[in-house]
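What follows is a short report on a single structure.
Chains as they are written, first to last, in this note's numbering: chain A, 24 to 334; chain B, 77 to 503; chain C, 1201 to 1385.
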């Protein structure tokens, strides 16, 4: 019995709990590679991976690139500036060109929800979703769960609060899907405009007061909050946001002593999280980054093996 | 004299409350009494309609043919063939062509194209506002001269209520019907699917019910204010049905129409991000479907149509948020409505379905069609309400294939389309 | 399963126990500094053989060698041709390997590719002074110039046959090694 038979990783909503656990188990093995003196294994030797980023990113791109290099894959990064998408070529045509170059794996970051699924349905190459619009960012969800699991024996029964701009967050969605499947109690916290009540249909609770979850949360995952043009009609400003939802020192003091503080980065110090709190004992923010590498190695390893199989 | 004799069919002519087994005679393209046939020996074509329903030629009051401007999606000729294949003898085209049908010249061009190339009757509408921009009124008087049957900014919606009020008032001078695509831009924003659980799950921008209801309510108020009718196109929300029901009960001149996809499909269809499920207004929920069907059953909604919106394969073959809205519908709609309303839900009789495809749109748009009265044009659709068949988009007459109904098993079908006494299509 | 097959027991629990004990003795004979010795198993059943070897060596010498696990799946070079990846388990070599003798342990020696991958994996952890190779069964059909230093049983096979190793504590059936012959159809 093989626990992984997919060629693509598009999202966590479609995975079974067993599939999620299998990725996490595999990631545990790959985490060891990063701790060796020689941080490289030949698993994907001869495979070609293209990081196709139609939306800017530095940390996710770096993490995928390093993960692929540690697996001995040949890696090419194709970012939006260099992409022909700006010359009017469609996503499908560009992707078919990448496939014609014999890309075994395409890691796609795109601003449109469903873009990864769109390519996966049309290409033989493995498609790894590195973030599609507000839909999913599965490797981020996995690395967050992985990080929690390193500190706690199991996810089941843990109370995880996800705070911030949930409506537009793919990180939140992937976290919700994974955590709910693994049995966590999830509370979404944020302004009513960014955390609509309908989210409860996903099996989570919705709250609008951060203070109400501080004392019961085992994990607080703070999402990056921005106040650009399109958010102006959702909340009045960062000052008010901090006063209502910022994890200030005073609020951090009320947390359980072993509560984990997470953040997908990049952090706005002094906005969603106080600067000292971000650097404090509760914080596992940098461990998330390290774990991201292991999770991405595991995902690439599993999907590369699943590619080109008769289904 | 060319004579068509349709024998032994069950004639259903809702305009005359007629439902009986009888023969139908058409002479030189016009429906006549048998006694009017002076020379029965001369070239009589006889069609045996035993076991079939003989209905007035069906009218689809809401289609998009893409001529002029986007003939690669659909021409008037191909669109009219698709109409014939769906059982329609008349269609009403929306004005969002390129250039927009907002002037007599473009309307004339469309009418001439239709005369030259269409195998069914093609009626045209004009824009409410110039360029569908929602700002300045289009020249209704001149467009009526060129032959429009209604005005609409379909695909767009006049946001400025003052402008809409003047449009309705000005149109009343000509008894010109005003159709409206109901969409409040500030509520809908960049929404591409029903706002609800699935838009949240999929991370897609939501198109809330209130975005439609707001304009339906606006139209009710303006219809009252101007004492003039407004017809709300492609109703998708159960809330709109409630608003319409309440207003019609008070005697407000407001009406609404229904497209098959809004009662056949729900928003969860988009979970595969297939752009053939992306339409405007969007697919909603079972709650809405029930309310719409209830609205049809109690007469709140009284017109059925397709919103046939062809798009080239490559245009739909993109990221979902970048794909155009709309699906084709002419060849599947009548069967879908029969299948759902007559057979599955048992919500409407076949007579009422035919009524909503014939006399009702004819009345709304003042068309001299939609009935089998003596003297009416000889447009007839033969229907087999119990025929089971599978819709195959590859066999479509349309130039486009953007339909979510490929492979659907359906019960009920138009089997022959007769325009002015001539068979233009048959199974 | 439609395919018919015939299973032939070639080692029972007693034979397996004897073979592992004998290998343990041989390892002790050929390695002077047992305190510095590392015995590392290749998942899944090589780990069990290694664990038993460590127990026996401790019994014989009174000193327990370090025990480890060497994952080979991510070091194999045939992912592309095998298709599905095998499950990866974490390598456990949490000690300095440099200049220490290491015995790699597997249940069955077949093509030699696992051994090659294991040596590759080991080299990413450190540089042992010497690597030896112990297997419970050598069934032949090598594809690489690899041979075992310690062999429990040499078992000539055809390529089509499968060797099935079972351990009571892993598989809940008595310890056994059997040959599974596909029935000619």
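Quick reminder that beta carbons are idealized off the backbone N, C-alpha and C, glycines included.
Residue state for residue 1231(C) is assigned as coil, using DSSP reduced to three classes. Annotated three-state conformation of residue 274(B) is helix, per DSSP.
For the C-beta of residue 1290(C), the chain A residues within less than 8 Å are, from N- to C-terminus, 51, 52, 54, 55.
One Cα belongs to residue 203(A), the other to residue 226(A), and the distance between them is close to 7 Å. Residue nearest to residue 111(A) within the set 363(B), 451(B), 394(B), 461(B) is 394(B) (criterion: CA-CA distance). Within the stretch 98-150 of chain B, the runs of beta strand (DSSP E) that reach at least 3 residues and sit entirely inside it are, in chain order, 106-108, 120-124, 129-132, 134-139.
The C-beta of residue 141(B) has 16 or more other C-beta atoms within 10 Å across all chains shown, which makes the residue buried.
Three or more beta-carbon pairs drawn from the stretch 315-328 of chain A and the stretch 32-49 of chain A are found closer than 8 Å, and the two stretches are therefore classed as touching. Between residue 270(B) and residue 173(B), the gap from beta carbon to beta carbon reaches 8 Å or more. Residue 1275(C) has a beta carbon lying within less than 8 Å of a beta carbon in chain A. With its beta carbon less than 8 Å from one in chain A, residue 277(B) belongs to the interface. At a C-beta separation below 8 Å, residue 1217(C) has no neighbours in chain A, since its nearest C-beta there lies roughly 30 Å away.
Note on the stretch 311-345 of chain B: whole alpha helix (DSSP H) runs with a minimum of 4 residues are 314-325, 337-340, in chain order. Counting the other CB atoms within 10 Å of its CB gives residue 1208(C) a total below 16, which places it among the exposed residues. Residue 295(A) and residue 336(B) have their alpha carbons spaced roughly 47 Å apart.
For residue 122(A), the uninterrupted alpha helix (DSSP H) segment begins and ends at 114-123. Listed in chain order, the alpha helix (DSSP H) elements of length 4 or more contained wholly in the stretch 204-286 of chain A are 261-268, 272-275.
About 12 Å separates the CB atoms of residue 211(A) and residue 240(A); that is not less than 8 Å, and the two are not in contact. Per DSSP, residue 230(B) lies in no beta strand (DSSP E) segment and is marked neither H nor E. Per DSSP, reduced to three states, the secondary structure at residue 403(B) is coil, with no helix or strand assignment.
Residue 164(A) carries a helical assignment under DSSP once its states are collapsed to helix, strand and coil. For residue 258(B), the three-state secondary structure derived from DSSP is coil. Residue 235(B) has a beta carbon lying at 8 Å or more from every beta carbon in chain A. The contact set of residue 65(A) on chain C, defined by CB atoms closer than 7 Å, consists of 1275, 1277, 1320 in chain order. Assignment of residue 1342(C) by DSSP, reduced to helix, strand and coil, places it in the coil class. Across the structure, residue 252(B) and residue 306(B) are spaced so that their CA atoms are roughly 10 Å apart.
Residues of chain A whose Cβ lies closer than 8 Å to the Cβ of residue 1325(C) are, in chain order, 59, 60, 61. With a cut-off of 8 Å on Cβ pairs, the stretch 206-221 of chain B is not in contact with the stretch 186-196 of chain B, counting fewer than three such pairs.
In the three-state reduction of the DSSP assignment, residue 498(B) falls in the strand class. By the rule that beta-carbons nearer than 8 Å mark a contact, residue 349(B) touches chain A.
Taking each of 185(A), 99(A), 298(A), 123(A) in turn and checking the Cα distance to residue 72(A), the smallest one comes out for 99(A). For residue 1292(C) and residue 1354(C), the gap between their C-alpha atoms comes out near 29 Å. Neighbours of residue 68(A) in chain C, taken as residues whose beta carbon is under 8 Å from its own, are 1277 in chain order.
Taking a C-beta distance under 8 Å as the contact criterion, residue 302(B) and residue 241(B) qualify as a contact pair. Using a Cβ-Cβ cut-off of 8 Å, residue 158(A) counts as an interface residue toward chain B, since at least one Cβ of chain B sits closer than that to its own.
Residues of the stretch 390-409 of chain B whose Cβ lies closer than 9 Å to any Cβ of chain A, in chain order: 390, 393, 394, 395, 396, 397, 398.
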